[in-house]
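Engineer: Next up is a structure, given as structure tokens.
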Amino acid sequence: MSEQTGKVDDSQSPPKVQKKLRKGDLVKVDREKYSNSLESKASDTNLPEYIFQGPGEVLLIKGDYCQVRWRRPVPDVWMNSDHIVSY
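In terms of the working numbering, the sequence shown opens at residue 1 and continues consecutively.
Written as structure tokens, this is what we have:
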């Protein structure tokens, strides 16, 4: 008897994850997801309220991070895409 080793059955592989955000989407930060993250523990605890109220616009997406521009005279920020939700 010969066994087939090293071959992966395509029917059992997990489905490909589609990006939930695209360039130009309006977003806001999910307070609960952000407050339980590693990034929140490394950052200032007193964040401005406008990031939680939105809307911000996604400018770029690189890996797991999105560059967000807020509709205020403030610098653009890079946020983990797990922490932001559609507006």
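Built from N, CA and C at the ideal position, the CB exists for glycine as well.
What are the start and end residues of each continuous alpha helix (DSSP H) run of 4 or more residues lying completely inside the stretch 7-78, in chain order?
Structural biologist: With a minimum length of 4 residues, the continuous alpha helix (DSSP H) runs that stay inside the stretch 7-78 are 31-35, 38-42 and 50-53.
Engineer: With a 10 Å radius around its C-beta and 16 neighbouring C-beta atoms as the bar for buried, classify tyrosine 34 as buried or exposed.
Structural biologist: Counted from its first residue, the sequence shown places residue 34 at position 34. Result: buried.
Engineer: Is there contact between the stretch 35-44 and the stretch 62-76, where contact requires at least three CB pairs shorter than 8 Å?
Structural biologist: no
Engineer: Specify the secondary structure class of serine 86 as computed by DSSP and reduced to three states.
Structural biologist: By 1-based counting over the sequence shown, the position of residue 86 is 86. Looking at serine 86 - three-state DSSP - the assignment turns out to be strand.
Engineer: Where lysine 20 and isoleucine 84 are concerned, what is the direct C-alpha to C-alpha distance, given to the nearest angstrom?
Structural biologist: The count along the sequence shown starts at 1 and reaches residue 20 at position 20. The count along the sequence shown starts at 1 and reaches residue 84 at position 84. If you take the alpha carbons of lysine 20 and isoleucine 84, they lie about 10 Å apart.
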